[in-house]
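Residue numbers (UniProt numbering), protein chains in the order written: chain A, 1 to 272; chain B, 1 to 306. Where is the CB? At the ideal position from N, CA and C, for every residue including glycine. What follows is one structure encoded as structure tokens, with my remarks underneath.
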């Protein structure tokens, strides 16, 4: 037991340091303005207040940005889940020419630096007349989450025994029925895990929101809208921290919900 | 009766006959991926060989084909090489730091009690989950010249962490490592857990130190896993954007903290040199593609089948 003492202490210190920025974010969000601007910083507050949250949600239109972010992310999740499910069925349940090619393309697509595509996508979105709209963000995020979602769904679909579908078809069920009544519910847990990743990707996007939403401020999403609080003279740190907290909470919840799957998914890439 | 005797393959062949089923299922994916992914990739290449600026974008002026002119321009520009070297150096430092921290903590996790282990895992999960934007803002606040905690604790009155090039890279790098070490830690920890305990125990009985069992047993056994973590980190760190863009306000003082990604973005959208920016983006994509091929090979060696 004794020889564990030092590792235990080191682990606790590292845990503290790792968690500290998040603690500082939440703490600062709850601090009254006077304490934020004080040159005597304290790692606690005796006067927690929701002022910062109220200010960002009402005064700076953050409620609107929050809704925009949620709307974009949820739309991406729903569309991505449906489309990825169908594509995953195609590449696991059928053998066809170019199947391997299609799969490799999904894999390569995951590796393309999406930031590099900002320039052409700006023109694509402009030509579609979608600049300054939330639809542009949905489309782009959908495209960027799909390759990964399909790749991940592939494993879940492959995990369902084909015999179940065959039995249903012998009993007279049509293709569509089998797909939605039998396969879909069985891969639902996988679909949830995949959706969380799509959600996080869309929710965290900064570069496309920054690039596509130029003048329609009302259509901004959270990450890009956060820049509003950075002022040349003095940053509103209380507001920035409150907004950052609002932005982090949903991701944190979802992340914790799927972390087990995440770890096994990562391990699964190399385990067998 | 005959239907029951048929194997699954027969049933499928019968049901699918004459109809291109798989392509039908792939159609929605294609409808999104072709215009929003495939076409932009093609267009990026196309833009990179044209003289394409503000006059062409909004002035309706004809764009001129310049062949490899844009590439000649960027390759002939000392600034590009500086940014490229800086990007590679920064990414390399990040990869080394992320792996060192992640691996050290993974080993640490195996030697601690349940409470510290849970605490560290949860903390790492939080850092991992935090959006890049959030991480950037919090670290900026911690390192703020006047109101930041770091300066207060260190007694550095008004020291600006975002002024000197290398100090800035240090703070931004720390933020990125904070975000990315959990992936390495959790993956390697899972890998170490999968190593039969008896192997490590036997080594311990034979008198191997922690250091020796790490290099002589854990590393060789986890080689495929490590290869993947390394390449993931390379890809991740090479194309970092948000932290640099936000924390250095678009690339730092006089663009001193620019990396390739931000450089391409600023060239295109800041200077309205869309052709040049595309050429830079193409170079970056090609470098990452090379890394991707290594990644696929590593996956293959790990036993993943398509």
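- Counting along the chain, residue 48 (chain B) sits inside no alpha helix (DSSP H), nor does DSSP assign it H or E at all.
- Close partners of residue 196 (chain B) in chain A (Cβ separation under 7 Å) are lacking, with about 15 Å as the shortest Cβ gap.
- Under the 8 Å criterion on CB atoms, residue 152 (chain A) is classed as non-interfacial with respect to chain B.
- Unbroken alpha helix (DSSP H) stretches of 4 residues or longer found wholly inside the segment 136-165 of chain B: 149-154, given in chain order.
- Rounded to the nearest angstrom, the Cβ distance from residue 227 (chain B) to residue 179 (chain B) is 21 Å, too far for a contact under 8 Å.
- Interface annotation for the segment 218-247 of chain B against chain A: 224, 225, 228, 235, 239, 241, 242, criterion Cβ-Cβ distance under 7 Å.
- Within 7 Å of the CB of residue 152 (chain B), the CB atoms of chain A belong to 41, in sequence order along the chain.
- Within the model, the alpha-carbon separation for residue 89 (chain B) versus residue 165 (chain A) is close to 53 Å.
- Ranked by how close their Cα comes to the Cα of residue 137 (chain B), the residues A:101, A:26, A:91, A:119 have A:26 in first place.
- Closest in C-alpha terms to residue 5 (chain A), from the list B:106, B:113, B:67, comes B:113.
- The beta carbon of residue 74 (chain B) does not come within 8 Å of any beta carbon belonging to chain A, so the residue lies off that interface.
- Pairing residue 234 (chain B) with residue 91 (chain B) gives a Cβ-Cβ distance under 8 Å.
- Between residue 247 (chain A) and the set B:269, B:26, B:135, B:31, the nearest pair of CA atoms involves B:135.
- In the DSSP assignment, residue 65 (chain B) is bridged to B:50.
- Counting C-beta atoms within 10 angstroms of its own C-beta, residue 154 (chain A) has 16 or more neighbours from the protein chains shown and is therefore classed as buried.
- Here residue 60 (chain A) carries a coil assignment [DSSP, helix/strand/coil].
- Only those residues of the segment 221-240 of chain A whose C-beta falls short of 7 Å from the nearest C-beta of chain B are listed: 223, 226, 237, 240.
- Not a single C-beta of chain A is nearer than 8 Å to the C-beta of residue 166 (chain B).
- Across the set B:263, B:51, B:38, the C-alpha of B:51 shows the shortest separation from the C-alpha of residue 68 (chain B).
- Not a single unbroken stretch of the alpha helix (DSSP H) spanning 4 or more residues falls wholly within the segment 68-110 of chain A.
- In this structure, the beta-carbon distance from residue 72 (chain A) to residue 134 (chain A) falls below 8 Å.
- Listed along chain B are 131, 132, 133, 134, 242, each with a C-beta nearer than 9 Å to that of residue 204 (chain A).
- Fewer than three beta-carbon pairs drawn from the segment 182-196 of chain A and the segment 230-244 of chain A are found closer than 8 Å, and the two stretches are therefore not classed as touching.
- Selection B:151, B:117, B:297 evaluated against residue 7 (chain A) yields B:117 as nearest (Cα-Cα).
- Relative to the Cα of residue 300 (chain B), the nearest Cα in the group B:46, B:225, B:238 belongs to B:225.
- In the structure shown, residue 166 (chain A) adopts helical secondary structure according to DSSP, grouped into three states.
- Residue burial annotation: residue 24 (chain B) is exposed, with fewer than 16 other C-beta atoms found within 10 angstroms of its C-beta.
- Burial is judged here by how many other beta carbons sit within 10 angstroms of a residue's own beta carbon; residue 144 (chain B) has at least 16 and is buried.
- Look at residue 273 (chain B) here: in three-state DSSP terms it is strand.
- Between residue 284 (chain B) and residue 172 (chain B), the C-beta gap is not smaller than 8 Å, which leaves the two residues out of contact.
- Secondary structure of residue 212 (chain A) (DSSP, three-state): helix.
- In the three-state reduction of the DSSP assignment, residue 130 (chain B) falls in the coil class.
- Proximity of chain A to residue 209 (chain B) at the Cβ level (cut-off 9 Å) is not reached, the minimal Cβ distance being about 13 Å.
- Within chain B, the residues 129, 130, 131, 134 have their CB atoms less than 9 Å from the CB of residue 251 (chain A), given in chain order.
- Here the alpha carbons of residue 196 (chain A) and residue 254 (chain A) stand approximately 6 Å from one another.
- Residues of chain B whose Cβ lies closer than 7 Å to the Cβ of residue 118 (chain A) are, in chain order, 265.
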